[in-house]
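Everything in the sequence shown is counted per full-length UniProt numbering, starting at 1 for the first residue and increasing by one.
Think of the CB as a built atom: it goes at the ideal place given N, C-alpha and C, for glycine as much as any other residue.
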Amino acid sequence: MSPNPAKDVQVFPIAANTRVMRSRTWERLKFEIEYALQKGTTANSYLIEGDKTALIDPPGESFTEIFLAALRERIDLSQLDYLILGHLNPNRGTTIKALLELAPQLKLVCSNPGAISLRKILSETELNITVIKGEETLDLGKGHHLEFLLTPNPRYPDQLCTYDPKTQVLYTDKLFGAHVCGEQVFDEGWTVYNEDRRYYFDCLMAPHARQIEAALDKIAGKNAKIYATGHGPLVRYSLTELTLDYRAWLKNQSDRDVTVALIYASAYGNTATIAQALARGITKAGVGVESINAEFAEPEEIKAILTKASGIMVGSPTLGGHAPTQIQTALGIILANTDKTKLVGVFGSFGWSGEAIDLLESKFRNAGYSFGFEPIRVKFKPTDLILKTCEETGTDFAQALKKSQKVRKGKQGTITSESDRTEQALGRIVGSLCIVTTKFHELKGAMLASWVSQATFNPPGITVAVAKERAIESLLHLDSNFVLNILQEGKHLGLMKHFLKPFAPGEDRFIGVATEEAENGCPILTDALAYVECQIKSRLECGDHWVIYATATQGKLLQSEGITAVHHRKSGSHY
Numbered sequence: 001m002s003p004n005p006a007k008d009v010q011v012f013p014i015a016a017n018t019r020v021m022r023s024r025t026w027e028r029l030k031f032e033i034e035y036a037l038q039k040g041t042t043a044n045s046y047l048i049e050g051d052k053t054a055l056i057d058p059p060g061e062s063f064t065e066i067f068l069a070a071l072r073e074r075i076d077l078s079q080l081d082y083l084i085l086g087h088l089n090p091n092r093g094t095t096i097k098a099l100l101e102l103a104p105q106l107k108l109v110c111s112n113p114g115a116i117s118l119r120k121i122l123s124e125t126e127l128n129i130t131v132i133k134g135e136e137t138l139d140l141g142k143g144h145h146l147e148f149l150l151t152p153n154p155r156y157p158d159q160l161c162t163y164d165p166k167t168q169v170l171y172t173d174k175l176f177g178a179h180v181c182g183e184q185v186f187d188e189g190w191t192v193y194n195e196d197r198r199y200y201f202d203c204l205m206a207p208h209a210r211q212i213e214a215a216l217d218k219i220a221g222k223n224a225k226i227y228a229t230g231h232g233p234l235v236r237y238s239l240t241e242l243t244l245d246y247r248a249w250l251k252n253q254s255d256r257d258v259t260v261a262l263i264y265a266s267a268y269g270n271t272a273t274i275a276q277a278l279a280r281g282i283t284k285a286g287v288g289v290e291s292i293n294a295e296f297a298e299p300e301e302i303k304a305i306l307t308k309a310s311g312i313m314v315g316s317p318t319l320g321g322h323a324p325t326q327i328q329t330a331l332g333i334i335l336a337n338t339d340k341t342k343l344v345g346v347f348g349s350f351g352w353s354g355e356a357i358d359l360l361e362s363k364f365r366n367a368g369y370s371f372g373f374e375p376i377r378v379k380f381k382p383t384d385l386i387l388k389t390c391e392e393t394g395t396d397f398a399q400a401l402k403k404s405q406k407v408r409k410g411k412q413g414t415i416t417s418e419s420d421r422t423e424q425a426l427g428r429i430v431g432s433l434c435i436v437t438t439k440f441h442e443l444k445g446a447m448l449a450s451w452v453s454q455a456t457f458n459p460p461g462i463t464v465a466v467a468k469e470r471a472i473e474s475l476l477h478l479d480s481n482f483v484l485n486i487l488q489e490g491k492h493l494g495l496m497k498h499f500l501k502p503f504a505p506g507e508d509r510f511i512g513v514a515t516e517e518a519e520n521g522c523p524i525l526t527d528a529l530a531y532v533e534c535q536i537k538s539r540l541e542c543g544d545h546w547v548i549y550a551t552a553t554q555g556k557l558l559q560s561e562g563i564t565a566v567h568h569r570k571s572g573s574h575y
């Protein structure tokens with residue numbers, strides 16, 4: 001984090017007649033899951049000055065004042081011709097309204113869903129909108145002949161990418177971004193952004209794998225040398241590698257046998273944020289998600305996705321005491337076309353009442369569906385704690401689906417003797433029994449761990465393997481702190497049983513457990529043999545686990561006469 005969290009605007013030339021204006025904050029911008037790494041963010045806008053001038057993607061209302069001040073220092077706003085919108089939301093609408101008051105001659109360029117949103121958000125403002133319906137172009141002069149590509153997905157149904165063949169810059173909006181703030185404009189030394197980019201993908205892109213893959217196919221036809229992203233550093237040095245990474249991550253999502261149909265509508269973005277947290281939890285557990293924004297989906301599309309889905313989640317805001325018409329239509333399609341044995345869940349946000357959620361629950365219960373979790377009702381905006389609970393709920397839902405599928409399939413063959421021998425041998429690797437504990441603000445987590453090893457002498461460091469579906473995983477990122485509590489032989493069963501039991505999403509893991517606070521703020525289990533305070537330095541993705549390397553900052557032996565409890569296994573195929 002920056003010692004000075006104040007916001008600013010960084011302006012930098014990136015190509016001929018082209019500048020980026022990076023509105024920056026070193027603080028967390030929103031209570032949305034993609035910002036959870038809390039490394040700040042940049043809202044990247046772009047200014048292209050040909051014979052005519054175009055501004056691409058103004059920032060949201062958090063930056064309105066400083067952005068407009070910076071823009072007025074560089075151009076005469078009366079000479080600004082076009083405002084190109086990669087996507088639109090109410091936050092960005094605040095800046096657009098302020099900009100139109102200063103430059104009423106502006107022509108707005110956006111997709112058709114973007115135009116619909118514009119007219120809703122700025123209903124009292126006179127608008128001059130050019131709607132992009134296909135691969136259309138805009139000539140700014142001086143060789144800047146812009147090409148538009150529609151790249152919608154359920155989260156951003158209005159998404160529009162823009163390509164400038166003269167500079168070979170592709171303005172990608174949400175694609176290829178990262179929520180991280182710094183001085184770097186481009187991605188020199190890009191490996192430092194690997195985790196941030198992957199986390200951003202997992203939160204925003206993974207639930208929309210089919211649509212994101214279609215977007216990549218569209219942009220593949222352009223000879224882009226720079227991805228001008230909506231957030232984080234611009235992609236120049238790792239363009240090929242990041243594109244290939246996206247392809248590999250998308251294939252991983254598409255290849256999953258078990259999927260959840262996640263259908264929602266969102267009036268103010270809050271229900272969409274809950275849906276995003278649920279989707280994140282589902283994908284962590286190795287289950288695919290097909291997100292459907294009911295406001296823009298056709299009935300046949302919904303039917304097709306429901307046919308393949310193993311489970312269904314439906315989310316709705318409450319508007320005037322009712323669910324939106326699109327959600328009621330989707331509900332009718334579900335009830336008429338799906339097997340009642342499919343697991344379901346409902347969720348939503350509301351201001352003063354939650355009748356839409358009650359409607360969804362009663363319809364599913366009356367029809368005989370089984371629920372994977374109790375309905376989620378969120379008043380106004382979800383907090384960090386609520387989003388973490390939703391993520392855990394998604395993971396539990398996904399695990400229940402995988403378990404039910406295994407029961408239905410039954411055994412489909414026996415393990416070969418060679419594999420059996422390998423598993424038996426691998427299972428003889430002995431690990432110490434430990435409890436990993438962590439805390440960040442109001443969020444706490446803990447897990448039993450036996451795949452732990454000292455990794456380095458200088459600096460003193462350890463590795464610990466964390467299953468991707470563990471609830472604590474989302475709290476164990478670069479620079480995060482945790483405590484490794486090493487259990488004592490003969491006195492470990494109580495703590496072991498406590499942390500092995502299933503916890504409900506959001507449940508406090510430390511009730512009834514003796515703890516004190518470590519120097520790094522995480523819980524120490526005072527009945528442990530010893531503890532080590534750790535800070536995470538790197539993460540390596542290894543199949544169904546993350547291997548985390550952390551350095552030991554300090555530690556203490558709590559029981560001088562005790563010995564370490566160890567875990568003996570008979571198979572290498574499970575804990």
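Select from G348, L335, I312 and K308 the residue whose C-alpha is nearest the C-alpha of G319.
Counting from 1 along the sequence shown, the entry for residue 319 is found at position 319. Checking the sequence shown, residue 319 turns out to be Leu, not Gly. Nearest of G348, L335, I312 and K308 to L319, Cα basis: G348.
Would you give the residue range spanned by the alpha helix (DSSP H) that R119 belongs to?
On the sequence shown, residue 119 is found 119 positions in, with the first residue counted as 1. Note, R119: alpha helix (DSSP H), N112 to I121.
Answer yes or no: do R19 and V11 have a C-beta to C-beta separation smaller than 7 Å?
Within the sequence shown, numbered from 1, the residue matching residue 19 stands at position 19. Within the sequence shown, numbered from 1, the residue matching residue 11 stands at position 11. Yes. Within cutoff.
For K556, three-class secondary structure by DSSP:
Residue 556 sits at position 556 when you count from the first residue of the sequence shown. Note: K556 maps to strand in three-state DSSP.
Roughly how many angstroms lie between the CA atoms of C390 and R119, to the nearest whole one?
Taking the first residue of the sequence shown as 1, we reach residue 390 at position 390. Taking the first residue of the sequence shown as 1, we reach residue 119 at position 119. Taking the straight line joining both Cα atoms gives about 32 Å.
Whole-angstrom C-beta distance between L487 and A528, which should lie under 8 Å
As a first step, residue 528 is located in the sequence shown; it is residue number 528 there, counting from the start. As a first step, residue 487 is located in the sequence shown; it is residue number 487 there, counting from the start. That belief holds up - the Cβ atoms of A528 and L487 are roughly 6 Å apart, short of 8 Å.
Grab me the residues of V532's own chain with a C-beta within less than 6 Å of its C-beta, minus the 5 sequence neighbours each way, in chain order.
Here residue 532 refers to the residue found at position 532 when the sequence shown is read from its first residue. Cβ within range, chain order: L484, A552 and G555.
How big is the Cα-Cα spacing for L244 and N223?
To locate residue 244, count along the sequence shown from 1; it is residue 244. To locate residue 223, count along the sequence shown from 1; it is residue 223. Looking at the two C-alpha atoms, the distance is approximately 15 Å.
What three-state label does DSSP hand V287 in the structure shown?
Your numbering for residue 287 matches position 287 in the sequence shown. Of the three classes helix, strand and coil, the one that applies to V287 here is coil, per DSSP.
Figure out for me which residue from A6, F201, Q276 and Q79 has the closest Cα to the Cα of L47.
Your numbering for residue 47 matches position 47 in the sequence shown. Nearest of A6, F201, Q276 and Q79 to L47, Cα basis: Q79.
So what does DSSP say about C203, is it helix, strand or coil?
As a working mapping, residue 203 is identified with position 203 in the sequence shown. Of the three classes helix, strand and coil, the one that applies to C203 here is helix, per DSSP.
Let me know the beta strand (DSSP E) ranges lying completely inside the region 348-396, each 3 residues or longer, listed in chain order.
376-379
Identified DSSP bridge partners for W546
By one-based count along the sequence shown, residue 546 stands at place 546. W546 is bridged to V466 and E541.
With the cut-off set at 7 Å, would you say Y156 and A178 are in Cβ contact?
Position 156 of the sequence shown holds residue 156. Position 178 of the sequence shown holds residue 178. No, Cβ-Cβ distance for Y156 and A178 is not below 7 Å.
Are G445 and I472 close, meaning C-beta to C-beta below 7 Å?
Mapped onto the sequence shown, residue 445 falls at position 445. Mapped onto the sequence shown, residue 472 falls at position 472. The answer is yes: Cβ separation under 7 Å.
Any idea if K39 is buried or exposed, counting beta-carbon neighbours within 10 angstroms, 16 or more meaning buried?
Counted from its first residue, the sequence shown places residue 39 at position 39. That one is buried.
List the residues that DSSP assigns as beta-bridge partners of F457.
Locating residue 457 in the sequence shown gives position 457, where the first residue counts as 1. In DSSP, F457 forms no bridge with anything.
Rounded to a whole number of angstroms, what is the C-alpha to C-alpha distance between L99 and T329?
Counting from 1 along the sequence shown, the entry for residue 99 is found at position 99. Counting from 1 along the sequence shown, the entry for residue 329 is found at position 329. Whole-angstrom Cα-Cα distance: 38 Å.
Just checking my contact of T564 with E489 at CB under 8 Å: how many whole Å lie between their CB atoms?
Taking the sequence shown and counting its residues from 1, one reaches residue 564 at position 564. Taking the sequence shown and counting its residues from 1, one reaches residue 489 at position 489. Confirmed, about 6 Å.
Specify, as a first and last residue, the run of the alpha helix (DSSP H) that F499 falls within.
Locating residue 499 in the sequence shown gives position 499, where the first residue counts as 1. Element bounds for F499: L493 to L500.
CA-to-CA distance, I327 to E295, given in whole angstroms:
Residue 295 sits at position 295 when you count from the first residue of the sequence shown. Residue 327 sits at position 327 when you count from the first residue of the sequence shown. Looking at the backbone, the Cα of E295 and that of I327 are separated by about 8 Å.
Taking its Cβ as the centre, do 16 or more other Cβ atoms sit within 10 Å of L418, making it buried, or is it exposed?
For the purposes of this step, residue 418 is taken as the residue at position 418 of the sequence shown. One detail in the question is off: residue 418 reads as Glu in this sequence, not Leu. So E418 ends up on the exposed side.
Inside the region 143-210 only - alpha helix (DSSP H) runs reaching at least 4 residues:
194-204
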